[in-house]
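Protein chains in written order, with my numbering: chain E, 1 to 260; chain Z, 1 to 501. Glycine included, each C-beta is placed from N, C-alpha and C at the ideal position. Computed from a prediction, not measured in an experiment: that's the story for all the values here.
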Amino acid sequence: MPSLILTRLRQGKRTLPFPETEPVLPERIRGLPVMDHARCPSGCTSCADACPTDAITSGGNLQIDLGRCLFCPECANACPEGAIRFTSQYQLATSSRNDLVLTEGEALRLAGRLAEQTYRVLGRSLKLRQVSAGGCNGCESDVNVLNTVVFDLGRFGIQFVASPRHADGLLITGAVTQNMRLALEKTYQAVPYPKIVIAVGACAISGGPFRDHPEVLNGADSIVPVDLYVPGCPPHPVTILDGLLRLIGKIKESRATPSS
Amino acid sequence: MAIGLSPFHSGEPVPLRSVPDLSIAEFRTAILSAVSSTCSLAALFGMPAGDRLVRLIAVVADSVTNSLSILSTKVGESYPCLTLECPQAHWFEREIAEQWQVHPDGHPWLKPIRFHAPYRTSNSLSPAPVAGVTDFFAMAGEEVHEVAVGPVHAGIIEPGHFRFQCHGEDVFHLEISLGYQHRGVERALVGGPGKRTIHLMETLCGDTSIGHATAYCEAIEALGSTAVSARAQVLRGVALELERLANHTGDLGALAGDVGYLPTAAYCGRIRGDFLNLTAALCGSRFGRGLIRPGGVGFDVGKPLVAKLQERLEAALKDVEDALALLWDAPSVQARFEHTGTITRETCEALGMVGPAARACGVERDIRQDFPSGIFRFAQIPISKWHSGDVFARAWLRWLEIQRSGAFVREQFASMPDGPILSPAGPLPADHLVVSLVEGWRGEICHVAITDADGHFAHYKIVDPSFHNWMGLAMAMRNQQVSDFPLCNKSFNLSYCGHDL
Numbered sequence: 001m002p003s004l005i006l007t008r009l010r011q012g013k014r015t016l017p018f019p020e021t022e023p024v025l026p027e028r029i030r031g032l033p034v035m036d037h038a039r040c041p042s043g044c045t046s047c048a049d050a051c052p053t054d055a056i057t058s059g060g061n062l063q064i065d066l067g068r069c070l071f072c073p074e075c076a077n078a079c080p081e082g083a084i085r086f087t088s089q090y091q092l093a094t095s096s097r098n099d100l101v102l103t104e105g106e107a108l109r110l111a112g113r114l115a116e117q118t119y120r121v122l123g124r125s126l127k128l129r130q131v132s133a134g135g136c137n138g139c140e141s142d143v144n145v146l147n148t149v150v151f152d153l154g155r156f157g158i159q160f161v162a163s164p165r166h167a168d169g170l171l172i173t174g175a176v177t178q179n180m181r182l183a184l185e186k187t188y189q190a191v192p193y194p195k196i197v198i199a200v201g202a203c204a205i206s207g208g209p210f211r212d213h214p215e216v217l218n219g220a221d222s223i224v225p226v227d228l229y230v231p232g233c234p235p236h237p238v239t240i241l242d243g244l245l246r247l248i249g250k251i252k253e254s255r256a257t258p259s260s
Numbered sequence: 001m002a003i004g005l006s007p008f009h010s011g012e013p014v015p016l017r018s019v020p021d022l023s024i025a026e027f028r029t030a031i032l033s034a035v036s037s038t039c040s041l042a043a044l045f046g047m048p049a050g051d052r053l054v055r056l057i058a059v060v061a062d063s064v065t066n067s068l069s070i071l072s073t074k075v076g077e078s079y080p081c082l083t084l085e086c087p088q089a090h091w092f093e094r095e096i097a098e099q100w101q102v103h104p105d106g107h108p109w110l111k112p113i114r115f116h117a118p119y120r121t122s123n124s125l126s127p128a129p130v131a132g133v134t135d136f137f138a139m140a141g142e143e144v145h146e147v148a149v150g151p152v153h154a155g156i157i158e159p160g161h162f163r164f165q166c167h168g169e170d171v172f173h174l175e176i177s178l179g180y181q182h183r184g185v186e187r188a189l190v191g192g193p194g195k196r197t198i199h200l201m202e203t204l205c206g207d208t209s210i211g212h213a214t215a216y217c218e219a220i221e222a223l224g225s226t227a228v229s230a231r232a233q234v235l236r237g238v239a240l241e242l243e244r245l246a247n248h249t250g251d252l253g254a255l256a257g258d259v260g261y262l263p264t265a266a267y268c269g270r271i272r273g274d275f276l277n278l279t280a281a282l283c284g285s286r287f288g289r290g291l292i293r294p295g296g297v298g299f300d301v302g303k304p305l306v307a308k309l310q311e312r313l314e315a316a317l318k319d320v321e322d323a324l325a326l327l328w329d330a331p332s333v334q335a336r337f338e339h340t341g342t343i344t345r346e347t348c349e350a351l352g353m354v355g356p357a358a359r360a361c362g363v364e365r366d367i368r369q370d371f372p373s374g375i376f377r378f379a380q381i382p383i384s385k386w387h388s389g390d391v392f393a394r395a396w397l398r399w400l401e402i403q404r405s406g407a408f409v410r411e412q413f414a415s416m417p418d419g420p421i422l423s424p425a426g427p428l429p430a431d432h433l434v435v436s437l438v439e440g441w442r443g444e445i446c447h448v449a450i451t452d453a454d455g456h457f458a459h460y461k462i463v464d465p466s467f468h469n470w471m472g473l474a475m476a477m478r479n480q481q482v483s484d485f486p487l488c489n490k491s492f493n494l495s496y497c498g499h500d501l
């Protein structure tokens, strides 16, 4: 017993004061990209050619589809001019798929609160069922982390529950394989109305690195309507938490300007 | 070394024409005699050989002579199975049958493992399989009942289907049916390497991004005669051991949680993140995405960063020791861990289990010792093992490995060689084969790359450690209670996506 108490004291309080205080993230984290086509040599398509998921449109204003982006270093490495670089900005979640298509110079329109009626029902207590449907276990791991003392998801009234019947919505990871299609459909049907769907990670948004494999359906919105898109491969836990808190109105500012 | 085998080393490219092409009888005899002595089956797979034939290729690893042997044979519609005499071949032969519609005659348990349409059609064409719909083993009798779980589970975990044959609370048998995560990774690699290849390696099993990316890079570096600098090899080794530290710590926390011992569960959940964040400090990604690249590593570390990492490593190692001291001192925890989910050494060896699960049965099997590559040729990590084969052994083994991986990373940080981090990767030679082995945190990772006449991948075989070990989990559940399943499952913590590919 004394060792238990001593250890408790030594381990200390580790919960991040988020969202009140900005989190300290790894210096090399690849968050929101910034683009500057003025630096592009004429006719150069190196970044687009290097992109493993064809997320980049070059020629004129640069455009990155964050829903496809793996936030890998390939495009930035391919560009000797620095026309694309990743910032440490972690706020990336959006309410619509189109908002993830980020055009140079434009701000990313971050996710807003749930529609009024749904918010009134779910805003203060949100129970989610997680469905893993053909990914790599990376997103699952970093969603799971939200349950640790570091993020302490429960203090926001959000909880992962064991059954879709107890849930207000689904949090889906993975590209949705042919083999998970039926299970995902049935799980969605089992959730009572009003229900929401959150797609976490490049796979669940666009198929990610498995996009266009005949074995996958290129993401969750091929099967169910999605209310929140959290891009990344996998997204940092803070990015996921930020998205969830926007959905329930606990974080309000709505635009992320790629200027840091 | 058994007759018919010509040994070579891990990471040594072999011209395809020098791979022995045996008759099926010779092929079987060579494998059976090798496996009955000191060898294990690292891989056994089929690839198309034209004219409605399939070429079976076996990679046999001898951990005593530290050499590999490769042999092949051509089969048509069927061949006499190996599984009856060599249970290690069980899952491999199911995979071959599913992919290539080659019937291993006499296979006692021939069912799909991933539920996909076959890669070639034959006369015995069966309808497209539906995931989880198969002929499950069943028990009959009074008070016998069946418990079915999944594919969608109660926690935040990957999908799989489990069928327990029970008598009251006692489990007589557990059958595991996977394939829900099957997303066609191996098939997508054929014709590569291309710009997506390294990303598929990093995401075929996301919690083992470093392990699989390293196995891939070592394979193509061997094929392309690319020399990797000492500095890059050190950084790869550090990343591999950080991956092990993070996952072992997370598993121990989860095991504590599964027996309701919350202090260690809470602390380890956080400390796991501290190790992941060390990897993120190296390359920006908690899972090491972007770090391992053909020819070396994608990120360098300066002296100030190394100093910071050293400090954080020591803090995390101290914290994990502290958190686990509570676990080992709690009699209520030990009472649940000991004698739960026991696997005998004989079962372990017969199934060809790998990694911590095998070492927890007293089997001395570790790629870092038996087939070392990269920095592990110069800096040896002593092998850890325990004898009791139960949940306690699998937990305790992780703690032993945490200490040794910690010491290794500490040592590497203290003596980082100078030099470049990335060398240009050479082109791949035509018609060659290479086997690459890496000890990932779950165990033996085996990649086999085979190039075609143009130097592209004609075939790329991935064997995740989970592929060897899922049957081990099924065996561990025999004569246990249903309520022991979460604990047994977590003590293995196998990969669904790495298996399903």
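Can you grab the Cα-Cα spacing for the pair residue i / residue j, in whole Å?
| i | j | result |
| --- | --- | --- |
| I248(E) | G362(Z) | 52 angstroms |
| G426(Z) | I220(Z) | 8 angstroms |
| P15(Z) | V482(Z) | 50 angstroms |
| N479(Z) | A43(Z) | 31 angstroms |
| L108(E) | D99(E) | 7 angstroms |
| Q334(Z) | L326(Z) | 11 angstroms |
| R365(Z) | I172(E) | 37 angstroms |
| S69(Z) | T239(E) | 47 angstroms |
| S259(E) | I223(E) | Residue confidence for S259(E) is low, a pLDDT of 45 falling below 50, so the modelled location carries little weight and cannot support an answer. |
| D105(Z) | V75(Z) | 12 angstroms |
| L317(Z) | E338(Z) | 25 angstroms |
| C39(Z) | Q189(E) | 50 angstroms |
| S229(Z) | P294(Z) | 12 angstroms |
| G60(E) | Y229(E) | 27 angstroms |
| R359(Z) | M353(Z) | 9 angstroms |
| D242(E) | C139(E) | 15 angstroms |
| R336(Z) | V259(Z) | 7 angstroms |
Kindly list, in the order they appear in chain Z, the residues whose Cβ is closer than 9 angstroms to that of residue i.
| i | result |
| --- | --- |
| Q89(E) | Result: empty, since nearest Cβ-Cβ is about 13 angstroms, beyond 9 angstroms. |
| R165(E) | Here the premise fails: no neighbours, minimum Cβ distance about 12 angstroms. |
Could you name the residues of chain E that residue i contacts, counting a contact when the two beta carbons are closer than 7 angstroms?
| i | result |
| --- | --- |
| A131(Z) | N179 |
| I157(Z) | S132, E140 |
| D464(Z) | Under the 7 angstroms cutoff, chain E gives no residues; its nearest Cβ is about 11 angstroms from D464(Z). |
Spell out whether any CB of chain Z is found under 8 angstroms from the CB atom of residue i.
| i | result |
| --- | --- |
| I29(E) | yes |
| N144(E) | yes |
| V149(E) | yes |
| E22(E) | no |
| L70(E) | yes |
Hey, does residue i have any beta-carbon neighbour from chain E nearer than 8 angstroms?
| i | result |
| --- | --- |
| D319(Z) | yes |
| A266(Z) | yes |
| V152(Z) | yes |
| I3(Z) | Its pLDDT being 48, under 50, I3(Z) is placed unreliably by the model, and the measurement read from it follows with that caveat. I3(Z) does not count as touching chain E. |
| Y180(Z) | yes |
| S495(Z) | yes |
| P15(Z) | no |
| K111(Z) | no |
| H199(Z) | yes |
| H456(Z) | no |
Report the neighbours of residue i on chain Z: residues whose CB is nearer than 8 angstroms to its CB, in chain order.
| i | result |
| --- | --- |
| R14(E) | R270 |
Run down chain E in chain order and give the residues with a C-beta less than 8 angstroms from the C-beta of residue i.
| i | result |
| --- | --- |
| N277(Z) | P26 |
With 16 other CB atoms within 10 Å as the buried threshold, where does residue i fall?
| i | result |
| --- | --- |
| L92(E) | buried |
| W109(Z) | exposed |
| M477(Z) | buried |
| S46(E) | buried |
| L262(Z) | exposed |
| T340(Z) | buried |
| T148(E) | buried |
For a contact defined as C-beta to C-beta under 9 angstroms, what are the partners of residue i on chain E?
| i | result |
| --- | --- |
| P263(Z) | L4, T7, R8, Q11 |
| K490(Z) | Going along chain E, no residue has its Cβ under 9 angstroms from K490(Z), so there is no contact; the nearest lies around 13 angstroms. |
For a minimum of 3 consecutive residues, which ranges assigned as the beta strand (DSSP E) are wholly contained in the stretch 193-219 of chain E? 196-200
Could you give the uninterrupted runs of the beta strand (DSSP E) lying entirely in the stretch 115-176 of chain Z, keeping only those of 3 residues or more? 144-149, 161-167
In chain order, which beta strand (DSSP E) runs of at least 3 residues are fully inside the stretch 118-158 of chain E? 126-132
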